[in-house]
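Per numbering that gives the first Met the number 0, the sequence shown starts with residue 0, numbered consecutively. Backbone N, C-alpha and C define an ideal beta-carbon position, used for all residues, glycine too.
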Amino acid sequence: MVEALKAKDGFKKRPGPVVLVIMDGVGYGKYKEGDAVAAAVTRNLDGFKKDSLITSLKAHGVAVGLPSDDDMGNSEVGHNAIGCGRVFAQGAKLVGKSIESKKMFDGETWKKLAANVAGNGKTLHFIGLMSDGNVHSNIEHLKAMVTKAKADGVSKVRVHGLLDGRDVGETSALDFFDPFVSFLAELSDEGFDARIASGGGRMVITMDRYGANWNMVEKGWATHVLGEGRTFESANQAITTLREETGAIDQDLPAFVIAEDGKPIGTIEDGDSVILFNFRGDRALELTEAFEAGEDFDKFDRKRVPKVEYAGMMEYDGDLHIPAQYLVTPPFIDRTMGEYLVASGKKQFAISETQKYGHVTYFFNGNKLGKFSEEMETYEEITSDVVPFEQRPWMKCADITDRVLDVIDSGEYDFIRMNFPNGDMVGHTGIWEAVVCSMEALDLCLGRIKAAVKAAGGVMVVSADHGNSDDMFEHDKKGEVKYKKNGEVQAKTAHSLNPVPCIIYDPAFENDYENKLNEGLGISSLAATCIELLGLTPPDDYDPSVLNWK
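In structure tokens:
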């Protein structure tokens with residue numbers, strides 16, 4: 000348990016709450032063309048320029064613990080950084096180092112899973128996202144594991160590859176699948192048989208999160224484990240055919256099964272080993288539960304539950320120790336802002352809709368499920384609609400706002416944190432009109448919250464975890480917009496590398512601190528900022544606040 004924080008000398012806490020508004024996926028665009036945030040009518044967001052202090056924060060690359068500044072930020076590492084006030088080495092970087100040092104392969108879990116299927120004709124299965132997006136997975140990690148599996152005497156490998164089109168180009172799947180098929184073919188010989196066995200779009204099968212749509216996981220189970228579904232001779236044939244038939248981008252393509260002579264080539268059977276090679280936890284927990292849960296599992300009818308050795312790339316939940324076996328130890332994130340505020344007697348309220356509820360709770364608290372204190376914290380989830388986001392681009396932002404206004408008016412809480420998912424979830428659809436609509440809906444909510452904060456005598460901090468809606472068109476190296484053969488703009492569905500806003504709206508400001516914010520910081524500085532606005536002194540090792548004190 001951490002100790003209470005000391006009072007901030009020379010600063011009188013405002014009577015109302017500090018409200019942290021995380022506009023998920025809203026950054027400052029680099030290009031005019033494709034910046035849906037700038038294109039939207041956002042009178043309230045723009046209005047902060049008149050009565051607030053504003054700067055920008057880094058939200059990608061090394062600023063959030065990723066391998067390099069070529070790596071886009073994401074909601075997981077972003078909320079980790081915001082909530083813990085420091086930067087930890089994250090998923091892709093950790094896994095890459097573990098493979099490079101061979102620590103992964105020297106670990107007991109890898110040895111156990113490889114030995115389980117070596118020399119007996121059983122299969123080592125890999126399930127995960129086939130791209131180099133570095134948000135949930137990296138295909139280079141998969142290549143290294145398949146290569147090592149052969150060296151360790153495994154004779155049969157089957158890969159169940161999910162199509163990305165979200166953290167990479169929206170129709171880039173064959174850029175990953177075709178070379179990978181060639182890689183497997185070159186590696187295979189009389190004693191080693193490695194092939195792709197199934198697949199499907201990440202937003203259709205397998206990768207649900209927060210229990211929003213267990214039907215996705217059920218479809219994934221049927222596809223990967225049971226080998227049920229439409230069959231094709233190859234992944235290329237499946238992807239090409241399904242694209243032509245549906246017109247869908249990669250993330251939305253239906254499931255497919257690879258078969259020979261009408262029989263699936265890669266069902267998961269008793270005695271096999273299974274590795275979920277995604278390293279990010281939120282979209283890995285449900286499939287893991289399907290493999291590890293006992294007879295009381297009630298989310299869907301699994302029909303057949305093979306007895307396998309199962310492992311995740313990382314421990315997806317450090318408190319509940321899920322999965323039971325994993326290849327790489329995740330960062331140990333301790334002493335988060337939430338824990339310090341509990342120790343300091345500050346009551347907290349966290350809210351979002353289902354799609355981002357875990358981000359303002361689990362990820363914000365350093366990958367910890369549950370609360371630090373039942374008495375001092377309240378977490379509230381607004382149930383998300385289970386429809387394509389472009390059909391409800393406003394999502395649940397009004398519902399979230401309604402509840403936050405009640406909470407502000409109650410005067411019960413010192414710190415309120417909230418996440419509006421619109422900019423990210425709708426941004427990933429690549430549909431320009433829907434994203435602009437989502438930004439305008441969000442802007443209306445910002446105005447309502449701002450008025451409530453002013454009435455309560457509080458402070459409003461507005462920022463984001465990463466960019467997305469600010470960069471909706473693909474650009475070439477010269478900065479020119481890319482077009483498809485039919486003349487349509489090539490939509491971008493991935494996150495951006497752009498900085499994000501940091502807005503301090505403090506209507507009771509009386510020159511307590513300088514009227515210019517510190518620059519060049521990352522989103523990890525939001526923790527110290529909020530702590531100071533609560534009248535407390537941040538821990539010494541927290542990244543510096545954006546507030547510039549006299």
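Margin query: Here's the rule: buried if 16 or more other CB atoms are within 10 angstroms of the residue's CB, otherwise exposed. What is Pro178?
Written below: exposed
Note to self: Do Ile430 and Gly77 have their beta-carbon atoms positioned less than 9 Å apart in this structure?
What the structure shows: no
Next item on the list: Kindly list the residues whose CB is nearer than 7 Å to the CB of Phe191, restricted to its own chain and excluding five residues on each side of it in sequence; keep chain order.
Entry: Lys149, Ser154
Checklist line | Nearest residue (CA-CA) to Asp413, options Cys396, Val156, Ile530, Asp70 | finding: Ile530
Next item on the list: Can you tell me which of Asp281, Arg303, Thr328, Met312 puts its alpha carbon nearest to the alpha carbon of Leu368?
Entry: Asp281
Next item on the list: Within its chain, find whatever has a CB closer than 6 Å to the CB of Pro263; leave out the 5 residues flanking it on each side and keep chain order.
Entry: Gly226, Val256
Next item on the list: Just confirm the distance between the C-beta atoms of Phe362 and Gly127, as a whole number of angstroms; I'd bet it's less than 8 Å.
Entry: Between Gly127 and Phe362 the Cβ distance is about 20 Å, and since that is not below 8 Å, they are no contact.
Check: Are the Cβ atoms of Phe175 and Ser233 separated by less than 9 Å?
Finding: no
Check: When we look at the beta-carbon of Arg416 and count the other beta-carbons within 10 Å, is it buried (16 or more) or exposed?
Finding: buried
Margin query: Quick check on Glu509: buried or exposed, where buried means 16 or more other Cβ atoms within 10 Å of its Cβ?
Written below: exposed
Item checked: Rounded separation between Gly15 and Ala455 - CA only -> 5 Å
Margin query: Between which residues of its own chain and Lys449 is the CB-CB distance below 7 Å, once the five residues before and five after are set aside?
Written below: Asn43, Met459, Tyr504
Check: With burial defined as no fewer than 16 other Cβ atoms inside 10 Å of the residue's Cβ, what is the status of Tyr325: buried or exposed?
Finding: buried
Checklist line | Per-residue burial, Tyr482 [other beta carbons within 10 Å of its own, 16 or more giving buried] | finding: exposed
Notebook entry, point to check: Going along the chain, which residues of its own chain have a beta-carbon closer than 7 Å to the beta-carbon of Val488, five neighbours each way excluded?
Noted result: Phe472, Val480, Tyr482
Next item on the list: May I ask which residues mark the beginning and end of the beta strand (DSSP E) holding Ile53?
Entry: 52-56
Check: Buried or exposed: which applies to Trp548, given that a residue is buried once 16 or more other Cβ atoms fall within 10 Å of its Cβ?
Finding: exposed
Note to self: Just to confirm the assignment: which complete alpha helix (DSSP H) runs, minimum length 4, are found wholly within the segment 180-225?
What the structure shows: 213-219
Margin query: Between which residues of its own chain and Gly90 is the CB-CB distance below 6 Å, once the five residues before and five after are set aside?
Written below: Phe278, Arg279
Note to self: Could you tell me the alpha carbon to alpha carbon distance between Glu439 and Glu268, rounded to whole angstroms?
What the structure shows: 50 Å
Check: Is His241 helix, strand or coil by DSSP?
Finding: Checking the sequence shown, residue 241 turns out to be Leu, not His. Of the three classes helix, strand and coil, the one that applies to Leu241 here is helix, per DSSP.
Notebook entry, point to check: If you compare alpha carbons, which of Leu535, Gly337, Trp109 is closest to Ala6?
Noted result: Leu535
Next item on the list: Please confirm if the segment 333-348 is in contact with the segment 306-313, defined as three or more CB-CB distances below 8 Å between the two stretches.
Entry: Because the criterion of three Cβ pairs below 8 Å is not met, the segment 333-348 and the segment 306-313 do not touch.
Next item on the list: Identify the continuous beta strand (DSSP E) that holds Asn497 and give its terminal residues.
Entry: Segment: none, Asn497 is in no beta strand (DSSP E) and carries neither H nor E.
Check: What residue range is occupied by the uninterrupted beta strand (DSSP E) comprising Val17?
Finding: 17-22
Check: Distance, Cα to Cα, Val94 vs Val327?
Finding: The straight-line gap from Cα to Cα measures roughly 6 Å.
Note to self: Helix, strand or coil, according to DSSP, for Gln347 in the structure here?
What the structure shows: strand
Next item on the list: For the alpha helix (DSSP H) holding Val445, just list the boundary residues, first then last.
Entry: Position check: residue 445 holds Leu in this sequence, whereas Val was assumed. First-last of the alpha helix (DSSP H) with Leu445: 431-455.
Check: Going along the chain, which residues of its own chain have a beta-carbon closer than 7 Å to the beta-carbon of Ala342, five neighbours each way excluded?
Finding: Met0, Val1, Glu2, Ala3
Next item on the list: Inspect the beta-carbon positions of Val224 and Ala193 and report whether they are closer than 9 Å.
Entry: no
Margin query: Starting from Tyr482, trace the alpha helix (DSSP H) in both directions and tell me its first and last residue.
Written below: It is not in any alpha helix (DSSP H) - Tyr482 carries neither H nor E in the DSSP assignment.
Item checked: Given Arg301 as reference, the closest of Ala221, Pro506, His427 once Cα atoms are compared -> When Ala221, Pro506, His427 are compared, the shortest CA-CA separation from Arg301 is found for Ala221.
Check: Does the separation of the CB atoms of Gly160 and Ser197 fall below 9 Å?
Finding: yes
Notebook entry, point to check: If you draw a straight line from the C-alpha of Met375 to the C-alpha of Leu445, how long is it?
Noted result: 26 Å
Next item on the list: Measure the beta-carbon distance from Ser495 to Ser524 and round it to whole angstroms, keeping in mind my assumption that it falls under 8 Å.
Entry: The Cβ separation is near 20 Å, so there is no contact.
Next item on the list: Could you check which residue in Pro253, Asp260, Trp213 has the C-alpha nearest to that of Ala283?
Entry: Trp213
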